[in-house]
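Q: One structure, as structure tokens, below. Some questions next.
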Amino acid sequence: MNKFKIALLQTRVYENKNKNIENALSFIEEVSKKGADIVVLPEMFCCPYNTSYFKDYGEEENGLAYKALSQAAQNNEIYLVAGTMPEIDGDKVYNTSYVFNRKGIQIEKHRKMHLFDIDVEGGQSFKESDVLSSGSNITVFDTEFCKIGLLICYDIRFPELSRILVQNGAEVIIVPGAFNMTTGPAHWETLFKCRALDNQAYTVGVAPARDYDSGYTSYGNSIIVSPWGNITNKMDENQGYIIEEIDLDIVKKVRSELPLLKHIRKDVYKIELI
1 MNKFKIALLQ TRVYENKNKN IENALSFIEE VSKKGADIVV LPEMFCCPYN TSYFKDYGEE
61 ENGLAYKALS QAAQNNEIYL VAGTMPEIDG DKVYNTSYVF NRKGIQIEKH RKMHLFDIDV
121 EGGQSFKESD VLSSGSNITV FDTEFCKIGL LICYDIRFPE LSRILVQNGA EVIIVPGAFN
181 MTTGPAHWET LFKCRALDNQ AYTVGVAPAR DYDSGYTSYG NSIIVSPWGN ITNKMDENQG
241 YIIEEIDLDI VKKVRSELPL LKHIRKDVYK IELI
């Protein structure tokens with residue numbers, strides 16, 4: 001199959017974890033009825049984006065949110081990229097995205113590799129490493145449509161990682177993220193367009209809705225960019241969703257007409273995993 005429909009759920013994040021889960025389940029059911037094949041939730045969809053919340057809202061794999069989303073994928077017969085949630089593993093906390101297939105079976109998970117530790121003068125200051133540990137796995141998963149690469153938010157700023165996903169077969173790169181009101185207006189669109197152009201792949205960014213009353217204000221603007229670098233669809237700051245058709249023939253067309261991936265000088269330089 002060369003086409004599929006992807007749904008981006010830009011949900012609001014409340015302080016009540018159960019309310020966040022119920023909100024996500026409602027949207028999942030709605031977009032599934034409208035033909036979505038793959039559904040994507042935002043980064044920290046069930047937890048306010050503040051380091052002080054991560055341990056309290058966190059759960060071990062197969063916890064409350066995990067089970068609810070696994071069941072939702074099965075009930076609605078969709079692939080579900082379950083945004084991210086704090087994952088407790090022993091004495092460590094990870095920012096983790098689980099992927100479920102149409103039967104509700106976990107087929108992959110990605111732990112955020114690059115932790116968001118920044119201090120922008122006159123702007124945002126945040127230090128994920130105060131609580132979170134970093135993951136170390138390159139994440140590509142199979143569907144009946146194509147291979148899909150998975151990153152989390154800050155990971156997209158590291159071009160080597162996206163290139164490795166594509167070298168491992170990815171034609172689409174999905175990124176649950178939560179850029180803020182400093183980095184979002186400055187870099188969100190540019191990064192998704194750059195990674196799409198660099199790798200001649202679709203890039204998909206899914207963020208929480210904007211809430212000025214929260215301690216961390218998401219930029220929103222969930223986005224889909226084509227392999228040619230065109231924004232094919234984008235949201236504003238409000239809660240809601242978009243459903244977009246992904247045409248994999250466009251990936252093949254762009255890679256054939258402008259074969260930059262074939263022109264990489266592997267005799268001169270290459271990216272290697274350590």
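The numbering of the sequence shown is UniProt numbering, which starts it at 1 and goes up by one.
All C-beta atoms in this analysis are idealised placements derived from N, C-alpha and C, irrespective of residue type, glycine included.
When you measure from the CB of Ile-152 to every non-hydrogen atom of the ligand SAM, does any distance come out below 7 Å?
A: Of ligands this structure carries none, so the ligand SAM is not represented either.
Q: Let's test the definition: count the other Cβ atoms within 10 Å of the Cβ of Val-268 and tell me whether it reaches 16, buried, or not, exposed.
A: The residue in question, Val-268, is exposed, as its Cβ has fewer than 16 Cβ neighbours within 10 Å.
Q: Going along the chain, which residues of its own chain have a beta-carbon closer than 7 Å to the beta-carbon of Ser-133, five neighbours each way excluded?
A: If we look at Ser-133 and ignore the five residues flanking it on each side, its Cβ neighbours are Lys-92, Val-93, Tyr-94.
Q: For Gly-135, which residues from the same chain have a beta carbon less than 7 Å from its beta carbon, with the 5 sequence-adjacent residues on both sides left out?
A: Excluding sequence neighbours, Gly-135 sits near Tyr-94, His-110, Arg-111, Lys-112, Met-113.
Q: Span of the beta strand (DSSP E) holding Ile-156?
A: Careful: Ile-156 lies outside any beta strand (DSSP E) and carries neither H nor E.
Q: Going by other Cβ atoms of all chains shown within 10 Å of its Cβ, with 16 needed for buried, is Pro-259 buried or exposed?
A: With fewer than 16 other Cβ atoms within 10 Å, it is exposed.
Q: If I measure Cβ to Cβ from Tyr-154 and keep anything under 6 Å in the same chain, skipping five residues before and after, which residues do I get?
A: Excluding residues within five positions, the ones whose Cβ falls inside 6 Å are His-114, Phe-116.
Q: Assuming contact is defined by CB atoms lying nearer than 8 Å, are Cys-46 and Ala-73 in contact in what I supplied?
A: Cβ atoms of Cys-46 and Ala-73: not closer than 8 Å.
Q: Spatial neighbours of Tyr-49 within its chain, please: CB distance less than 6 Å, with the 5 preceding and 5 following residues excluded, ordered by chain position.
A: Cβ within range, chain order: Ala-178, Tyr-216.
Q: To which residues does DSSP link Thr-96 through a beta bridge?
A: Met-85, Arg-111, per the DSSP bridge assignment.
Q: Between the alpha carbons of Phe-145 and Ile-174, how many angstroms are there, rounded?
A: Going by the C-alpha atoms only, they are around 14 Å apart.
Q: What residue range does the alpha helix (DSSP H) around Pro-176 cover?
A: Careful: Pro-176 lies outside any alpha helix (DSSP H), inside the beta strand (DSSP E) at 170–176.
Q: Sort out for me which residues DSSP pairs Glu-43 with in a bridge.
A: None, per the DSSP bridge assignment.
Q: Just the C-alpha distance for Asn-168 and Ser-162, rounded to the nearest angstrom, thanks.
A: So the alpha carbons of these two residues sit roughly 10 Å apart.
Q: Buried or exposed for Ile-148, please, with buried defined as at least 16 other CB atoms from any protein chain shown within 10 angstroms of its CB.
A: Under this definition Ile-148 is a buried residue.
Q: Mind reading off the beta-carbon distance from Gly-205 to Ile-223? Whole number of angstroms is fine, and I expect it under 8 Å.
A: The pair is a contact, with the Cβ atoms about 5 Å apart (cut-off 8 Å).
Q: Enumerated in chain order, which unbroken segments of the beta strand (DSSP E) with a length of 3 residues or greater are wholly contained in the stretch 49–81?
A: For the stretch 49–81, whole beta strand (DSSP E) runs of length 3 or above, ordered along the chain, are 79–81.
Q: Please classify residue 276: does DSSP put it in a helix, a strand, or coil?
A: In this structure the chain extends from 1 to 274, so residue 276 is not present and cannot be described.
Q: Taking contact to mean 3 or more Cβ pairs, one atom from each stretch, closer than 8 Å, check whether the stretch 12–30 and the stretch 188–195 are in contact.
A: As far as the Cβ criterion goes, the stretch 12–30 does not touch the stretch 188–195, which means the pair count is below three.
Q: Exposed or buried, what is Asp-37 when buried is set at 16 or more other beta-carbons lying within 10 Å of its beta-carbon?
A: It counts as buried.
Q: Restricting to Cα atoms, I'd like to know which of Lys-5, Thr-96, Asp-247, Asp-211 is closest to Glu-60.
A: Of the candidates Lys-5, Thr-96, Asp-247, Asp-211, the one whose C-alpha sits nearest the C-alpha of Glu-60 is Thr-96.
Q: Which residues mark the beginning and the end of the beta strand (DSSP E) in which Ala-7 is found?
A: That run of the beta strand (DSSP E) goes 3–10.
Q: Who does Leu-150 pair with in a DSSP beta bridge?
A: Answer is Ile-174, bridged to Leu-150.
Q: If contacts are defined as beta-carbon pairs under 8 Å, then Ile-242 and Met-235 qualify, I think. What distance do you get, rounded to the angstrom?
A: About 6 Å; that satisfies the 8 Å criterion.
Q: Please say whether Leu-150 and Val-251 have beta carbons closer to each other than 8 Å?
A: Result no, Cβ atoms of Val-251 and Leu-150 do not sit closer than 8 Å.
Q: Figure out for me which residue from Ile-118, Arg-102, Leu-8 has the closest Cα to the Cα of Ala-209.
A: Taking only the C-alpha atoms, the option nearest Ala-209 is Leu-8.
Q: What residue from Val-172, Ser-129, Ile-118 has the CA that sits closest to Thr-143's CA?
A: With distances taken between Cα atoms, Thr-143 lies closest to Val-172.
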